[in-house]
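Read the structure below first, then the notes.
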Amino acid sequence: MLSAILDQLKPYRAKLVAVSKRRTIPEIRAIYDQGQRDFAENRVQDLLERREALPADIRWHLIGHLQSHKVKYIADFIHLIHAVDSLGLLQEIDKCAQAAGRVIDCLLQFKIAEEDTKYGIPDLATAEAMLGSAGFSRLSHVRVCGVMGMATFTDDEDRVRAEFRKLAGIFKALKWAFFKDNDRFSELSMGMSGDYGIALEEGSTLVRIGTLLFEGED
Ligand SMILES: *Cc1c(COP(=O)(O)O)cnc(C)c1O
3 MLSAILDQLK PYRAKLVAVS KRRTIPEIRA IYDQGQRDFA ENRVQDLLER REALPADIRW
63 HLIGHLQSHK VKYIADFIHL IHAVDSLGLL QEIDKCAQAA GRVIDCLLQF KIAEEDTKYG
123 IPDLATAEAM LGSAGFSRLS HVRVCGVMGM ATFTDDEDRV RAEFRKLAGI FKALKWAFFK
183 DNDRFSELSM GMSGDYGIAL EEGSTLVRIG TLLFEGED
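As structure tokens, then:
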């Protein structure tokens with residue numbers, strides 16, 4: 003399934019993040035052995051355990067909600083944190099990154115789905131206030147590389163497309179206002195097993211796929 007997915011991503015130049023949550027170490031290892039190096043977990047504890055058990059050249063992504071007090075456990079190795087939704091969390095990441103002697107790449111997570119989730123920045127204005135704040139300008143060890151979002155879990159393709167389009171619009175607006183000359187602000191993390199085709203059409207650069215990759219028939 004890996005090569006079939008990669009073939010689909012190629013014309014869009016999008017990258018695959020293999021979502022390994024709930025998979026066994028041998029299952030993950032099998033995908034690794036086919037050449038995949040970017041893997042994602044949604045819980046810090048699982049991430050730490052899997053990292054311990056798997057090869058060191060894996061680039062680990064965190065895609066779930068991150069509590070501030072857990073940042074210190076991942077600061078010395080995490081490749082990309084996808085779900086940053088507050089200045090407070092960015093400040094904690096900055097502090098831990100500094101202590102680890104690194105700069106940590108982060109994405110701002112937006113709430114684009116209709117579902118009632120607690121997490122995610124609610125709208126563009128909130129993000130603009132955050133990125134324009136004095137607190138943000140003081141950060142030196144985090145790099146905001148783009149945005150991430152999850153569409154509503156529904157068969158209604160028009161709705162999913164509208165939500166992805168909204169996120170792409172937010173990405174463009176932030177790029178224009180805050181990151182115009184910053185090539186690092188380039189990632190639009192959207193699309194999962196059920197909706198990545200639509201996400202690619204709407205400009206995704208990073209799809210996060212678990213179920214299809216690990217359970218899909220070749
Ligand atoms: C689980 C998860 C995915 C992958 O979902 P699949 O439907 O298994 O592909 C992607 N993104 C996030 C944030 C997830 O929690």
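Residue numbers (our numbering): 3 to 220. Glycine is no exception: its CB is placed at the ideal position from the N, C-alpha and C atoms. Because the structure is a prediction, the values reported are computed rather than measured.
query: Name, in chain order, the residues that DSSP records as bridge partners for His71.; result: DSSP lists no partner for His71.
query: Arg210 lies in the beta strand (DSSP E); which residues open and close that run?; result: Leu208 to Ile211
query: What does Arg145 pair with, by DSSP beta-bridge criteria?; result: Asp107
query: Going by C-alpha to C-alpha distance, which of Leu215, Lys72 and Ser206 sits closest to Tyr14?; result: Ser206
query: Across the region 31 to 44 and the region 110 to 119, are there enough close Cβ pairs to call them in contact, namely three or more that are closer than 8 Å?; result: no
query: Assign Ala99 to one of two classes, buried (16 or more other C-beta atoms within 10 Å of its C-beta) or exposed (fewer than that).; result: buried
query: Going by DSSP, name the residue or residues bridged to Asp40.; result: Arg61
query: So if I measure from each beta-carbon to every heavy atom of ligand 1 and keep distances below 5 Å, which residues remain?; result: Val21, Asn44, Ile65, Met194, Ser195, Arg210, Ile211, Gly212 and Thr213
query: Measuring CA to CA, which of Ile114, His67, Asp78 and Ala85 is closest to Ala101?; result: Asp78
query: Got a sec, what are the start and stop residues for the beta strand (DSSP E) Lys182 sits in?; result: Segment: none, Lys182 is in no beta strand (DSSP E) and carries neither H nor E.
query: Just to confirm, is the Cβ distance from Phe155 to Gly193 under 9 Å?; result: no
query: Just to confirm before moving on: does the CB-CB distance between Lys12 and Leu208 stay below 9 Å?; result: no
query: What residues are listed by DSSP as bridge partners for Lys17?; result: Leu208
query: Give me the Cα-Cα distance between Asp185 and Asn44, rounded to the nearest whole angstrom.; result: 27 Å
query: Figure out for me which residue from Leu214, Ala58, Arg210 and Leu92 has the closest Cα to the Cα of Ser139.; result: Leu92
query: Using only the alpha-carbon positions, how far apart do Phe41 and His63 sit?; result: 6 Å
query: Give the secondary structure of Glu159 by DSSP, where H, G and I count as helix, E and B as strand, and everything else as coil.; result: helix
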